[in-house]
Every structure is written in C-alpha cells, then in structure tokens.
Amino acid sequence: MTHYTELSPQEKGKILAYMENFNPAQIARKMGRDPTTIRWFIDKYKKTGKTENLPRSGWPSALNDNEKNALINEVTKN
Numbered sequence: 080m081t082h083y084t085e086l087s088p089q090e091k092g093k094i095l096a097y098m099e100n101f102n103p104a105q106i107a108r109k110m111g112r113d114p115t116t117i118r119w120f121i122d123k124y125k126k127t128g129k130t131e132n133l134p135r136s137g138w139p140s141a142l143n144d145n146e147k148n149a150l151i152n153e154v155t156k157n
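By the count of the numbering used here, the sequence shown reaches residue 157 at its end, each step adding exactly one.
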C-alpha cells in the first residue's frame, strides 16, 4: 500500500500562485508531486474556494463536549 502525504499549507499556496502561469503538469514537475494530486487540489479549490482539508470520518467519540468537560473538571480537582 502506498503512503500518501497531504499537501502542506505552503505547497497549497505555491500551487495557487503557480496556477496563474502554469498548467497542473508543469506545477507538478516544479514541486516534485504527482500531477493527479495537483489536479485534485485545483479542482477542489475551484469548487469550494477553500484550501482546508475536510474532517476525516472515523469512530465517533464516546463522550460529548459536556461529558468531556465534566471529566476534565473531576480530574483536575484537588
């Protein structure tokens, strides 16, 4: 299984700056990244206007915010 790394905020900024003058393949070569990664990022940016990563799905938390706060208060008591 291949390990993928997310684009850093600096890389995202570079891509947005390069978009003015270069196509995705040229940007990928300049940055040493896979062209598909660059294309996916550009498409997502054009659709949403945002560069932030979406929250990941996963196992739901066993505690809600009130329960977490109550637990923290109990643990930090003298």
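Ideal Cβ placement from N, Cα and C applies to all residues, glycine included.
Could you give the C-beta distance for residue i and residue j, rounded to a whole number, given that I count them as a contact under 8 Å?
| i | j | result |
| --- | --- | --- |
| Ile117 | Ile151 | With a Cβ gap of about 42 Å, Ile117 and Ile151 do not count as contacting. |
| Ala107 | Asp113 | 6 Å |
| Thr130 | Lys91 | 5 Å |
Could you have a look at residue i and say whether DSSP puts it in helix, strand or coil?
| i | result |
| --- | --- |
| Ala141 | coil |
| Glu99 | coil |
| Thr84 | coil |
| Asp113 | coil |
| Asn132 | coil |
| Lys156 | coil |
Is the distance from the Cβ of residue i to the Cβ of residue j below 9 Å?
| i | j | result |
| --- | --- | --- |
| Lys109 | Phe120 | no |
| Asn132 | Glu85 | yes |
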